[in-house]
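Input: a single structure, listed below in structure tokens.
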Amino acid sequence: MSKPESPKEPEQLQKLFLGSSSFETTDESLRGRSEQWGTLTDCVVMRSGLVP
1 MSKPESPKEP
11 EQLQKLFLGS
21 SSFETTDESL
31 RGRSEQWGTL
41 TDCVVMRSGL
51 VP
């Protein structure tokens with residue numbers, strides 16, 4: 001009789017909020033600067049409708 005598989009642990013999700021960034025910030029530039037602390041799996045740069 002085989003052992004039942006142990007349930008997989010859920011993927012640990014972590015979010016980082018970065019406010020007051022430059023309007024020139026792009027997904028690529030943010031990714032390049034943050035990956036020194038680990039792999040970045042998702043990156044979204046949100047902008048308000050305000051003109052700089």
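Reminder that position 4 of the sequence shown reads as 4 in full-length UniProt numbering, one-by-one numbering, no gaps.
The beta-carbon is built from N, C-alpha and C at its ideal position, and this holds for glycine as well.
Owing to the predicted nature of the structure, the values given are computational and were not obtained by experimental measurement.
Between the alpha carbons of threonine 26 and tryptophan 37, how many angstroms are there, rounded?
Within the sequence shown, the letter at position 26 stands for residue 26. Within the sequence shown, the letter at position 37 stands for residue 37. Taking the straight line from one Cα to the other gives about 18 angstroms.
Put glutamate 24 into one of helix, strand or coil per three-state DSSP.
Walking along the sequence shown from the start, residue 24 turns up at place 24. Residue state, collapsed to three classes: coil.
Do you know how far the Cα of cysteine 43 is from the Cα of leucine 30?
In the sequence shown, the residue the question calls residue 30 occupies position 30. In the sequence shown, the residue the question calls residue 43 occupies position 43. Roughly 8 angstroms between the two C-alpha positions.
Take serine 48 as the anchor and find which of Gly32, Leu16, Lys15 and Phe23 has the nearest alpha-carbon.
Taking the first residue of the sequence shown as position 1, residue 48 is located at position 48. Checking every option, the nearest Cα to that of serine 48 belongs to Phe23.
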